[in-house]
Structure formats: structure tokens, C-alpha cells
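Structure first, commentary second.
There are 2 protein chains.
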Amino acid sequence: MNNRRVILVSRPTGVAQAENFAIEAAPVEPLADGAVLVRNEVLSVEPAMRGWIADKGNYSAPVAIGSVMRALAVGAIVESRHPDWRAGDVVTGWFGWQEWAAVEPTAILRRVTEADLPRSLALGVLGINGVTALLGLTEIGAPKPGETVLVSTAAGAVGSAVGQIAKILGCRTVGIAGGPAKVAQCLEKFGYDAAIDYRAAGLGEAIEAACPRGVDVYFDNTSGAISDAVYPRLATGARVVICGTASIGSWDPWPSGPRIERHLLVKRARAQGFIVFDWRDRWDEAVARLADWVRAGRLSYQEDILDGIEACPDALAGLYRGDNFGKRLIRLAAGEP
Amino acid sequence: MNNRRVILVSRPTGVAQAENFAIEAAPVEPLADGAVLVRNEVLSVEPAMRGWIADKGNYSAPVAIGSVMRALAVGAIVESRHPDWRAGDVVTGWFGWQEWAAVEPTAILRRVTEADLPRSLALGVLGINGVTALLGLTEIGAPKPGETVLVSTAAGAVGSAVGQIAKILGCRTVGIAGGPAKVAQCLEKFGYDAAIDYRAAGLGEAIEAACPRGVDVYFDNTSGAISDAVYPRLATGARVVICGTASIGSWDPWPSGPRIERHLLVKRARAQGFIVFDWRDRWDEAVARLADWVRAGRLSYQEDILDGIEACPDALAGLYRGDNFGKRLIRLAAGEP
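Going down the list, the protein sequences come from chains A and B.
One gets my numbering by counting positions in the first sequence from 1 and adding 459 to each.
One gets my numbering by counting positions in the second sequence from 1 and adding 459 to each.
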């Protein structure tokens, strides 16, 4: 049985490009005691992968050169040598950009139990993205009904969920996205009250027009020029959820921008970083809540599905180019088990 | 009865200098119904006055050109036309840089009841500075015993109280101050575990040496180069209390600095602005707690007292030059009532 896997072969300074990866084939080794063999069905592509690869300024050890690219995936267990897991169990976890993953159960994030919903959702709206949106928004953003919630990368996998959840919670929602197509999607598919194209002129004025009483919650996925336009327009008592820095190409050298301390001071505002992996104990509860909203048609999602492991090497660079509409995933062909 | 008062005659772009003020004399007018007449004994000088004068980037309407400089003061009521207040009451409040203040009782911040302690303390360790230190540290910084608390302007009126209170609460305390004399004062008078001269070379390395497990709470009175050296050294889960921006000479044009979003994200850290005037309902309780520590000899303070209203115009500029040791105050001569 052959396994194809995507190896990190060199470390980029900015976003990893196709040439930083190589696809190699290797036989699946006999399974060790205590491990399970997962056949990956869908692989995930995250903006955060840029950070997982970087050797500075991050929250985890970088992916080693020569090893399989770290990634979340969903699949079914085909063989188990661990008493808690059985062949046929559908699981999501840290299975990497590869077709087959022989892993310890600690790599499993959760058992996928929503049999009525597509398994791929476990990587997006019912996975890292949806849980980030729900817990980041409610625990750090703490929005109150009637408040204005502004979201950057508003049509993205996290942002689109933030906007819809904020709306469910009774907030006015304003999305910032790149280009007219994503702006239209914000308004038509994700129900934002207003949407702004950051590539158009006059971003600051557009935010002011869309948020006449200021921004109560800023869910920040970008940093950079978008944030620079938001901070002067925070409302008194505002909360900023710092979830990502997608607009920053590289942190080496460390970029500068307008100082935010004075805005935080005069607005008595709070900015706080959020990393969903700190919230493992809330994950199942969050997924259950999100799944109910999906079933009720209150939480829409958009998937951007590429086919075959050959799509992996360029998939992350494409995300940073803005090629994708919605959550980027890679579907693996149903091969011989 | 003549009143001498300090008028703002022109608006500076940076810190107000002596020439931005003028001293004028005017008779004390007959007292209106509902007002009280306070004879000011001590006037306060605050770093925040720079912001109160500025016409942008602040939390309150700027002091109008031609009006008395906004200031806290302490004094005794000599005449009352309000039923809640009597001649002889010692009060602190918004009485301005002047010898006599005819004010509505809404200008009174509190009745000074600590008859056993110097009245001037109501402007410092038992006033805006001490209350800022106590509530900013405990409510925003939320330090836990054993954590490392780093304080900028560590020998100043707020900073020295923060350091001592953090020590009382069981924290390890590290102060940053300007020059060897203030560093010595941090160690000898205010009991910091370590103190750093930010004017010496190697600020970042000095912070690392003094905070080997990182900075859990950063009480920030300065912004600027000091903060730039602190953010990369925050511990996971750190809290930053943004209390002042003393190192920034002007916010017009708005200054830039290294972006802090990535530090907040990877450290899951929080930065939050604190303005003590939002906490009026906690003021009396905070003063009582502070006064107990002062009486017990656990909370030291340093006053930097200038004499006579003639000292006012240059007093703020001197604060920004770093002329003062401790809380800067102006004592008015005991004149004829």
C-alpha cells in the first residue's frame, strides 16, 4: 500500500510557495501498537499554515524541513491497534498533507458524529474555522445585541462564520473583503448589514459610513492597512479579537504601523489574541452549537475544493493570493483502501 | 478678594510650555446659588494634562483657549450656597490652576476624610495616581502571586504605587525608569526586585535578564521605545495595562512603531486602556485601601512640591523633561481668606 505525502523541503521567509514543497511516495509501514491508520478523505488548507512553517514569531515549533506538512484532515480509521478506536470511526485531527496517516490517538481532535452533514465540514464551519469564529467572537469579543461588529476577511472561512454568528446574536454586522465579488457574497450569502471592499479608495471613510456609532467589536484576521483604518474608529469600550495577521507578508523584518496604544487608551478598548487550540475543552460544545445552526439554515458556509494531493503545494500560496472563495480544502480521490 | 489664575493662551502641538500659559488676576465674584467657594491649597500637575490640552486623540473636550487650566486640586470650602456642603469641608476635585474656585458640587471628586494624613496625598497616592495604580493593576492587569509585573515610569507617581501594590499582592516587580537616581529610588524606596535604566544601552536584554520567564503584567505609562522592547518579551497570557503614553511627544503626525498585533496573538495576550475617571464608583473604596497601606508604612510616596502659582506655567513641561522626583504638586501660599 503506497502513501503519497507532501514534504516541506525548504523554509520560505514569507508565504510558502509550491517550490517549498515536494510530493513523495512511500509504502505505508505496519501499524505500531497503540496507533491507528487513518485514510484521509479531505485535507485542510489554513492561513495559519504560514505561521506553522515560520521559524519565528509563532506559537508552536515550526514544521521541520523534510517532514510531512502539518495539517488538519478528516477521514476514516481503517485499522486500529488502540482499544478506544475502531475501524470505521470517522475522525478529524492532525493527520498531515498525505493520503494515509498512521498516528497516535493524541493526534485526533475529535470523532465526527454529525452523520447527516458532509464530513468536510469538520475542517471548516464545524472545525477550526467555526470554533474560532464562535469562541473568539463570544469569549473575547463579547458582543452585546445592537452593537456593531466589524470583520476583516469577512467572506473567508472564519470571517463568514463570525459575521453570521454576530447577526444571530443580534448585532449589526459589517464585513471587509477584497473585491466586488466577495463584497457581494458578504451581503447576499452571509447576511452582513454592510460590506466594504478594502481595495477601493477611502477605506476609513467607508468604515465611518458603515459604523456611524463606531466599531464595538473588531474581529481582526488581517492586521496591516485594514486594522490601521479600524483602530481610529473604535467605539468607547471596544473589543478587538486578534485572530490572524493575513495581510502581513513577512514578520522578518518586523513591520511597523501606526501605534495603537493611544487608541486603546482613549477608547478604553481591549485587544486580545485568540488561538483556538487553547480551547480544546470547549470544542465539542462549540461544534454542537454550530451544527444546530447549520441544520437550521442559519449558518451558511462556502467551500473551495481542490482535487488530489497534487493540489497541495500551491494551495497555501493561492490562499494568500486570494484565489479562494471560502474554506479551501483538498479532496483526495477514493483510492484502493 | 483677588483670584490669580493660570489661563491657557495658546494651544501647543506637543507638550504645553510656559509660554502657552499666562497668569491673570481677577476679583472673586459673588457666589451663585448652589455653588461653593474653595480656597485651593495644593494644585496638581499630571502627565495627562498634555492630553487635556490637545485638540485630538483624547477622551475629553480640550481645555478652551482663554479659560483656566483644568486641574485637580485640594482645598477647604470657605463659603457654601449648597445644602450638602459646609464651610470647613476639605475637598478635592476639578478646581483648576487658580487660587480660588467657585464651582458647582459636581466638580468635587470627594470629601477628604483622612484627617491624620497630609491633604496633598488626596492628589497623589490617595488620589488620581494611587487609584489609577490600584484599579488599573488589579482590574486590568489582574496579577497573580508569583507573576512578574513590569512597570514603566516606575519611580513616578503612578508607577511607584503600581510597583509597591504588586509587591503587596505577592508579585515579582521590575521597574523601568530614566537615569541612575530614579533606578536607585526604585530599588531602595519602592522595593522593586529589579530596576532598569531605559537610557542605558541594551533595554531588551535587560528586560530579558530581569524577567527570565517573560512579563506577565506590563503596566505601561510610556508607549514608545520602552513598549517596543517589552512586547516581544510578554509571557503567554500576558496582560498590558495601557495607562499613559508619556514617551510620545506628539500625536500629530501620528507616530509609528513595530506592530504589536502578532505579539498579542502568539502570546494570547491582552492590551487594554485604563482611564481612572471611568471608575468613580470604586474611588472611595480604593482610597480607603490605599490609606491603610500608607498608614501601615507599606506604601511609600514621593512628592515634588513647587511653591506658588507662578510655578504653574512651566510645571507640565518640566514633568515631560523628567525634572521631577515623584508626584509634582504646587503649594499655594497661605493668603488672606
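For each residue, glycine too, the CB sits at the ideal point set by N, CA and C.
These numbers come from a predicted model, not from an experiment.
When the cut-off is 8 Å and only beta carbons count, does residue i lie next to chain B?
| i | result |
| --- | --- |
| Lys726 of chain A | yes |
| Gly732 of chain A | yes |
| Ile701 of chain A | yes |
| Arg692 of chain A | no |
| Glu795 of chain A | Low confidence applies here, because Glu795 of chain A scores a pLDDT of 42, under 50, leaving its location unreliable; read the following figure in that light. No, no contact with chain B. |
| Glu720 of chain A | yes |
| Arg686 of chain A | With the sequence shown as reference, residue 686 of chain A is identified as Ser, and Arg is not the correct amino acid for it. Answer yes: the Cβ-Cβ gap between Ser686 of chain A and chain B drops below 8 Å somewhere. |
Looking only at C-alpha atoms, which of the options sits nearest to residue i?
| i | options | result |
| --- | --- | --- |
| Asp675 of chain B | B:Ala665, B:Glu664, B:Arg631, B:Gly663 | B:Arg631 |
| Leu662 of chain B | B:Ala477, B:Pro772, B:Leu609, B:Gly696 | B:Leu609 |
| Ala481 of chain A | A:Glu488, A:Ala520, A:Ile524 | A:Ile524 |
| Val527 of chain A | A:Arg509, A:Val468, A:Ala581, A:Leu496 | A:Val468 |
| Lys641 of chain B | B:Asn479, B:Gly510, B:Ala750, B:Phe784 | B:Phe784 |
| Tyr651 of chain B | B:Gly629, B:Glu667, B:Arg658, B:Leu594 | B:Gly629 |
| Trp738 of chain A | A:Cys702, A:Cys670, A:Ile701, A:Val590 | A:Val590 |
| Gly732 of chain A | A:Phe678, A:Ile707, A:His722 | A:Phe678 |
| Glu598 of chain B | B:Gly756, B:Ser539, B:Ala625, B:Thr612 | B:Ala625 |
| Pro691 of chain B | B:Trp752, B:Gly673, B:Asn680 | B:Gly673 |
| Arg545 of chain B | B:Ala535, B:Glu720, B:Thr612 | B:Ala535 |
| Arg463 of chain A | A:Pro471, A:Val487, A:Ile734 | A:Val487 |
| Ala684 of chain B | B:Cys670, B:Ile666, B:Pro671, B:Ala694 | B:Ile666 |
| Ala694 of chain A | A:Pro471, A:Val562, A:Tyr518, A:Pro602 | A:Pro602 |
| Asn614 of chain A | A:Leu758, A:Val465, A:Asp773, A:Pro604 | Note that residue 614 of chain A is Ala in the sequence shown, not Asn. Comparing Cα-Cα distances from Ala614 of chain A to each of A:Leu758, A:Val465, A:Asp773, A:Pro604, the minimum goes to A:Leu758. |
| Ile701 of chain B | A:Asp773, A:Ala730, A:Trp710 | A:Ala730 |
Return no unless some Cβ of chain A is closer than 8 Å to the Cβ of residue i.
| i | result |
| --- | --- |
| Arg509 of chain B | no |
| Arg658 of chain B | no |
| Arg470 of chain B | no |
| Ser682 of chain B | yes |
I want to verify the contact list: residues of chain A whose CB lies under 9 Å from the CB of residue i, in sequence order.
| i | result |
| --- | --- |
| Tyr518 of chain B | Thr695, Leu724, Val725, Lys726, Arg727 |
Can you pull the chain A residues whose beta carbon is under 8 Å from the beta carbon of residue i, in chain order?
| i | result |
| --- | --- |
| Ser611 of chain B | Those within 8 Å of Ser611 of chain B in chain A number zero; the least Cβ separation is about 11 Å. |
For residue i, I'd like the list of residues in its chain whose CB is within less than 8 Å of its CB, leaving aside the five on either flank, ordered along the chain.
| i | result |
| --- | --- |
| Pro796 of chain A | Because the pLDDT of Pro796 of chain A is 39, which lies under 50, any placement of that residue in the model is unreliable, and the number read from its coordinates should be weighed accordingly. Cβ within range, chain order: Arg498, Val537. |
| Gly696 of chain A | Asp675, Lys726, Arg727, Ala728 |
| Ile754 of chain B | The amino acid occupying residue 754 of chain B in the given sequence is Arg; Ile does not appear at that position. Cβ within range, chain order: Asp575, Leu576. |
| Leu791 of chain A | Asn499, Glu500, Val501, Leu502, Glu558, Gly767, Ile768 |
| Ala776 of chain B | Val474, Ala475, Gln476, Ala477 |
| Arg658 of chain B | Gly637, Gly638 |
| Ile687 of chain A | It should be pointed out that residue 687 of chain A corresponds to Asp in this sequence rather than to Ile. Answer for Asp687 of chain A: Gly716, Pro717, listed in chain order. |
| Ile655 of chain A | Val633, Gly634, Ile635, Ala636, Val642, Leu662, Ala665, Ile666, Ala669 |
Here's a check: name, in chain order, each residue in its chain whose Cβ is nearer than 6 Å to the Cβ of residue i, leaving out the five neighbours to either side.
| i | result |
| --- | --- |
| Val746 of chain A | Leu585 |
| Ala530 of chain B | Leu502, Ser503, Gly555, Trp556 |
| Ala566 of chain A | Gly552, Trp553 |
| Ala484 of chain A | Asn461, Arg463 |
| Leu490 of chain B | Leu496, Glu538, Arg540, Ala561 |
| Lys648 of chain B | Ser759 |
| Ser806 of chain B | Summary: the structure shown does not reach residue 806 of chain B, with chain B confined to residues 460 through 796, and so no result is reported for it. |
| Val465 of chain A | Phe480, Ile482, Met528, Trp556, Cys771 |
Keeping to the same chain, check which residues put their C-beta closer than 7 Å to that of residue i; ignore five residues upstream and five downstream.
| i | result |
| --- | --- |
| His541 of chain B | Gly493, Ala494, Val495, Pro564 |
| Ser579 of chain B | Val501, Val533, Glu762, Leu788 |
| Pro714 of chain B | Ile707 |
| Asp743 of chain A | Arg569 |
| Pro506 of chain B | Gly703, Ala705, Leu778 |
| Leu724 of chain B | none |
Whose Cβ in chain B lies nearer than 9 Å to the Cβ of residue i?
| i | result |
| --- | --- |
| Arg570 of chain A | In chain order: nothing, as chain B lies at least about 27 Å away. |
Would you please verify whether the beta carbon of residue i is less than 8 Å from any beta carbon of chain E?
| i | result |
| --- | --- |
| Arg529 of chain A | Absent from the structure: chain E. Protein chains present are A and B. |
Verify the contact flag: residue i, CB atom, against every heavy atom of the ligand PLP, threshold strictly below 7 Å.
| i | result |
| --- | --- |
| Val725 of chain A | The model depicted lacks the ligand PLP and carries no ligand whatsoever. |
Practice problem: Taking a Cβ distance cut-off of 9 Å, strictly less, list which residues of the stretch 735-746 of chain A are near chain B, in chain order. | Solution: Asp737
Quiz item: Listed in chain order, which residues of the stretch 705-718 of chain B have Cβ atoms closer than 7 Å to some Cβ of chain A?
Solution: Trp710, Trp713, Pro714, Ser715, Gly716, Pro717, Arg718
Quiz prompt | Members of the stretch 660-672 of chain B near chain A, C-beta cut-off 8 Å | solution = none
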